[in-house]
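Asker: Residue numbers (our numbering): 718 to 988. Where a beta carbon is used, it is the ideal one built from N, C-alpha and C, also for glycine. No experiment lies behind these values; they were computed from the predicted model shown. Input: one structure, supplied below.
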């Protein structure tokens, strides 16, 4: 009996050899020594694991490492409390935001920040996962997008529970007010993760350099604007956003690296 494409997890994640590249860069090639060691260890484990099992295992290991990083952000919070380093910008930046608010601008920014909220972000993620999967007839977008968003939500909860920092006072915030813990910014973390994975999926399909550059630029602008909107509205301190960006980038790197390892193992098995 021949296994069909949709019965084989590895085949379901196989977009074809052309999607192993971003431009001329082969995603299964590891130019750094650390990357080669990681790929070598994964290939060794790949003799006993199927490529999709390699993807799942590396995602889980990476999530654990990134969650540990999120849990240690209390050290950054200590810096905030001591008014040390970049934390000295928290109050001046908030004061600058309050100074530049207008009723119209407040309305626009509030509408934009809802796009990356607890309702808007999952809707965007599902739309991207379903749209790309149907258009490309592949489960890869669904798998990577869902994994990215679930991981980013878990990291947000881990970071907030570890630090329990209060948000800026409501007198300096724009309604509707928010009541959960402030550090790190979930909007900033999720924006980096979601925009990054969507950009990664598109980069594997785009063949023109200008289109790839535009995709990367739009992802950066979206993530940056989402994070800064939280400071502008007084829902987060600047430090919350900075750490959210860092954690989002860390988790995005884990997801992309895990997928590249999947491609590497799959390529090796095909040979």
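Quick check: the Cα distance between residue 759 and residue 814, rounded to an integer number of angstroms?
Answerer: Cα to Cα, the separation comes out at about 48 Å.
Asker: Pull up the distance between the alpha-carbon of residue 895 and that of residue 909, whole angstroms please.
Answerer: Whole-angstrom Cα-Cα distance: 21 Å.
Asker: Consult DSSP for residue 891 and reduce its assignment to one of helix, strand or coil.
Answerer: Coil.
Asker: Hey, quick one: how far does the alpha helix (DSSP H) through residue 857 stretch, first residue to last?
Answerer: Counting along the chain, the alpha helix (DSSP H) containing residue 857 begins and ends at 857 to 880.
Asker: Please classify residue 765 as buried or exposed, where buried requires at least 16 neighbouring CB atoms within 10 angstroms.
Answerer: With fewer than 16 Cβ atoms within 10 Å of its Cβ, residue 765 is classed as exposed.
Asker: Quick one: Cα of residue 898 to Cα of residue 878, how far?
Answerer: Going by the C-alpha atoms only, they are around 8 Å apart.
Asker: Residue 978 to residue 772, Cα distance in whole Å?
Answerer: Near 7 Å, if we compare the C-alpha coordinates of residue 772 and residue 978.
Asker: Please classify residue 836: does DSSP put it in a helix, a strand, or coil?
Answerer: Coil, per DSSP.
Asker: Just to confirm before moving on: does the CB-CB distance between residue 784 and residue 872 stay below 8 Å?
Answerer: In contact: residue 784 and residue 872 (Cβ atoms closer than 8 Å).
Asker: How should residue 820 be labelled, buried or exposed, when 16 other C-beta atoms within 10 angstroms of its C-beta is the threshold for buried?
Answerer: With fewer than 16 Cβ atoms within 10 Å of its Cβ, residue 820 is classed as exposed.
Asker: With a CB to CB cut of under 7 Å and the five nearest residues on each side skipped, what residues in its chain are close to residue 982?
Answerer: Correct list, in chain order: 759, 760, 763, 768 and 771.
Asker: Among 970, 828 and 833, which has the Cα closest to the Cα of residue 903?
Answerer: Residue 903 has its Cα closest to that of 833, out of 970, 828 and 833.
Asker: From the DSSP secondary-structure annotation, give me the bridge partner or partners of residue 1000.
Answerer: One cannot answer for residue 1000 here, as it falls past the ends of the chain, which runs 718 to 988.
Asker: Just to confirm my understanding: we take residue 957, look at its own chain, exclude 5 residues before and 5 after, and list those with CB closer than 6 Å. What are they?
Answerer: Counting only Cβ-Cβ distances below 6 Å, and skipping sequence neighbours, we find 899, 900, 901 and 902.
Asker: How is the alpha helix (DSSP H) around residue 808 delimited, first residue to last?
Answerer: Counting along the chain, the alpha helix (DSSP H) containing residue 808 begins and ends at 807 to 816.
Asker: Just to check my reading of the structure: residue 948 and residue 811 have Cβ atoms closer than 8 Å, yes? What is that Cβ distance to the nearest angstrom?
Answerer: That pair is a contact at about 7 Å.
Asker: Hey, is the region 828 to 847 in contact with the region 940 to 954, meaning 3+ C-beta pairs nearer than 8 Å?
Answerer: At 8 Å Cβ cutoff, the stretches touch.
Asker: In terms of alpha-carbon separation, which member of 887, 984, 890 and 906 lies closest to residue 875?
Answerer: Nearest option by C-alpha distance: 906.
Asker: Suppose contacts are defined by Cβ-Cβ distances below 8 Å. Is residue 916 in contact with residue 740 by that definition?
Answerer: Their beta carbons are not under 8 Å apart, which means residue 916 does not touch residue 740 by this criterion.
Asker: Just checking my contact of residue 852 with residue 862 at CB under 8 Å: how many whole Å lie between their CB atoms?
Answerer: No, residue 852 and residue 862 are not in contact; Cβ-Cβ is about 13 Å, not under 8 Å.
Asker: Just to confirm before moving on: does the CB-CB distance between residue 891 and residue 950 stay below 8 Å?
Answerer: Cβ distance < 8 Å, so residue 891 and residue 950 count as in contact.
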